[in-house]
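Trainee: Just so you know, numbering that gives the first Met the number 0 puts 51 at position 52 of the sequence shown, and the rest follows in order with no gaps.
All C-beta atoms, glycine included, are put in the ideal place defined by N, C-alpha and C.
Please read these numbers as outputs of a predicted model, since none were measured by experiment.
Take a look at this one; I'll ask things after.
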Amino acid sequence: MTEISILNETEADRFRDLIKARLAELDQEDARGRDGQSVVALDQQAVGRLSRQDALLSQSMAKATQTRRDAMRTALKAALARLDEGEFGYCDECGEDIAFKRLEFDPSVRRCISCASG
């Protein structure tokens, strides 16, 4: 298990690039998801009641997905800030290093696997 204690500039740049790539992916998903969040028209002649209910459900799911993307975006931006401050890769609870593979999988994690599992 690779530890973070000595995060060199190359590794920091790699994590910075990974985080920026994930933020760009979220922006692309935002663009694709905007149509699903649009207002559902109340036109019973054009769309039946069940079709409208289905459209409302789809709209609700699109909004929930947007909320999850917003939360992930906030967590990734916080990870960038921790990188800049030299605090990236340390557990918020115990202060130990977070495993390199764990950070590669999700660079926004703030706890080591021991603290995260309870």
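Quick check: Leu75 and Ser107, are their CB atoms within less than 8 Å of each other?
Mentor: yes
Trainee: Could you pull out every residue in the same chain whose Cβ sits closer than 6 Å to the Cβ of Glu2, ignoring the five residues on either side in sequence?
Mentor: With a pLDDT of 47 at Glu2, under the threshold of 50, the modelled position of that residue is not reliable, and the figure given next carries that caveat. Closer than 6 Å at Cβ, skipping near neighbours: Asp96.
Trainee: Kindly indicate which three-state DSSP category Asp96 falls into: helix, strand or coil?
Mentor: strand
Trainee: Cα separation between Asp69 and Asp83?
Mentor: 21 Å
Trainee: Would you give the residue range spanned by the alpha helix (DSSP H) that Ser116 belongs to?
Mentor: Ser116 -> alpha helix (DSSP H) spans Ile112 to Ser116.
Trainee: Exposed or buried, which one is Ile18 when buried takes at least 16 other CB atoms within 10 Å?
Mentor: Buried, since its Cβ has 16 or more Cβ neighbours within 10 Å.
Trainee: Can you tell me the Cα-Cα spacing of Glu31 and Thr64, whole angstroms?
Mentor: Looking at the sequence itself, residue 31 is Arg, so the reference to Glu does not match. If I take the Cα positions, the gap works out to 12 Å.
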